[in-house]
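Encoded as structure tokens, the structure appears first; notes follow it.
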DNA sequence: GCGAGCG
DNA sequence: CGCTCGCAACGCACG
DNA sequence: CGTGCG
Ligand SMILES: [Mn+2]
Ligand SMILES: [Mn+2]
């Protein structure tokens, strides 16, 4: 106990604060035998909370309650056990200056008498054992209360819960809105009826708030994730399910980066490459590929795609290597990013020109819309080179384009460098970098989709996002041949001759 | 969307 | 309990 | 060099 007070005094510099210095003398008008004083101070500090203090054995046992007490017996309020305070502190109100521990303002929110069940002995035992039952007689709070130590107390501070007991002083607020009609109809305050109604309404709410697709529980299926198209979460989920046969060949075996948007397009978007446990339902984990991190992920099945969608994955980006040969990329990607002011025709020409350079080098490339503003050129490779060589080679190609056609291409990122031109983004060929996969949606208004195209149809393309989650099905149904035929069979490598043509390393 | 950390 | 916070990561452009 | 962007 003495120790606790010392800790407190160390945290405070008494000469700088208006709080009372502890004195050993005096003690004001005492409550009756078996009772003690209590106080709740509203403490507007770095974080607003309520300090709940019970007098016991000459000191104030103290808890910080972030949300303050609730009169609803079904509500448990976290009460973090904090240092004992001196009795004198119970009457403190005022400002704790900046720079002092607990800086902010303190106001007495309630005070009065607490009467522990079992008297003084009950209080001591309850406090030691982590379960205090007591009655409060304050100005705001009355009736029975329970303060229990939560089984989960990790490390320094104990977590307790403050709960109102069910008595006449309790004010149930649970489901107030849902139940209020019922209550008005029959003015009987029938607790069991209320709880039945609330249970039923919760069940109903869950039923309409959940769906099941490919064995995966889908929460909030009706939530609109893109205002522009009006598409809902369930539409995205069903898109992934329907596109599965087309999409899986492009993601299976490859570590992914998921771009997730729990609040939909326009909300916060974050990437996720790693996950512990089965945080993404049905995803496959690959521990050890990325040292110092949780396992990398691959998506191998329809269930995994749907699982990702349940977790609000919109974009699916893949590495340029398989998990099984993580140090040997099996392709390089050129991401053609146009200055937004350029006419689309320049974009098509750029793709064709890039293709011609690659062709001259002896490399076949395949093209897809990005689902956004541009196009992606994908060059499959046998798994012969390391990341360093693949990246250097991609940079050499981009630099060559920029050097030969500087009015059209830039190999430097940054809006400045791209002005009036197309940035050949070769940076997606670094280890750990990734590019939106074929048939993956993009987290942009309209939910564009990256779609593989045949070179023969290049001239018919109208934009990088001409296909989207809503209309790509039409495209696929109309297809007579695989636009990427030959891709799987390609066996090509980066050779010394290519380097020579590009002007050496 | 969800687990971890924290008050 | 209930809130808030991560959830990639790194070369490159710019100052 | 540090900082911020993509
Ligand atoms: Mn406090
Ligand atoms: Mn792009």
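Numbering (full-length UniProt numbering), first residue to last: 1 to 505. Here a beta-carbon is modelled for each residue, glycine too, at the ideal position from N, C-alpha and C. All of these numbers come straight from a predicted model, not from anything done at the bench.
Item	Value
Whole-number beta carbon distance between residue 133 and residue 144, since they are thought to touch under 8 Å	7 Å
Residue closest to residue 88, alpha-carbon to alpha-carbon, out of 95, 38 and 98	38
Check: residue 374 C-beta below 7 Å from any heavy atom of ligand 2	yes
Rounded separation between residue 91 and residue 56 - CA only	16 Å
Candidates 414, 118 and 368, of which the one nearest residue 487 by Cα	368
Segment limits, alpha helix (DSSP H) that includes residue 244	233 to 251
Contact between the segment 213 to 229 and the segment 303 to 317 (3+ Cβ pairs under 8 Å)	yes
Straight-line Cα distance separating residue 440 from residue 471	13 Å
Cβ-Cβ separation, residue 255 to residue 323 (assumed contact under 8 Å), whole Å	6 Å
Test item: CB-CB of residue 339 and residue 448 under 8 Å	no
Local Cβ density within 10 Å of residue 393, reported as buried at 16 or more and exposed below that	buried
For residue 343 and residue 423, the rounded distance between their alpha carbons	14 Å
Classification of residue 496 by the beta-carbon crowding that lies within 10 angstroms, buried from 16 upward	exposed
Proximity test, residue 370 beta-carbon vs ligand 2 heavy atom, cut-off 7 Å	yes
Proximity below 8 Å, CB of residue 494 to CB of residue 415	no
Among 146, 230 and 391, the one whose alpha carbon lies nearest that of residue 334	391
Pairwise C-alpha distance: residue 268 and residue 406	36 Å
Stretch pair the segment 283 to 302 + the segment 457 to 469: three plus CB contacts closer than 8 Å	no
Residue burial classification, residue 25 (beta-carbon count within 10 angstroms, cutoff 16)	Note that residue 25 scores 30 on pLDDT, short of 50, meaning its location in the model is unreliable; the coordinates nonetheless yield the value given after this. Looking at its Cβ environment, which holds fewer than 16 other Cβ atoms inside 10 Å, residue 25 is exposed.
Cβ pair residue 285, residue 382 closer than 8 Å	no
Cβ shell of residue 262 (< 6 Å), same chain only, five flanking positions each side left out	312
For residue 442 and residue 434, the rounded distance between their alpha carbons	14 Å
Residue 347 beta carbon less than 8 Å from that of residue 375	yes
Three-state secondary structure (DSSP) of residue 475	helix
Spatial neighbours of residue 366 in its chain, beta-carbon cut-off 6 Å, leaving aside the 5 residues before and after	378, 484 and 487
Distance between residue 104 and residue 402 (C-alpha atoms, nearest Å)	59 Å
DSSP state of residue 279 mapped onto helix, strand, coil	coil
From 246, 404, 31 and 101, residue whose alpha carbon lies closest to that of residue 477	246
Euclidean distance between Cα positions of residue 431 and residue 332	11 Å
Contact set for residue 398: own chain, Cβ-Cβ below 6 Å, skip 5 residues either direction	411, 424 and 426
Anticipated Cβ contact below 8 Å, residue 350 with residue 408, distance rounded	6 Å
Proximity below 8 Å, CB of residue 71 to CB of residue 171	yes
Simplified DSSP state of residue 342, which is helix, strand or coil	coil
N- and C-terminal bounds of the beta strand (DSSP E) containing residue 79	76 to 85
Exposed unless 16 or more other CB atoms sit within 10 angstroms - verdict on residue 320	buried
Three-pair Cβ contact test at 8 Å for the segment 43 to 50 versus the segment 59 to 75	yes
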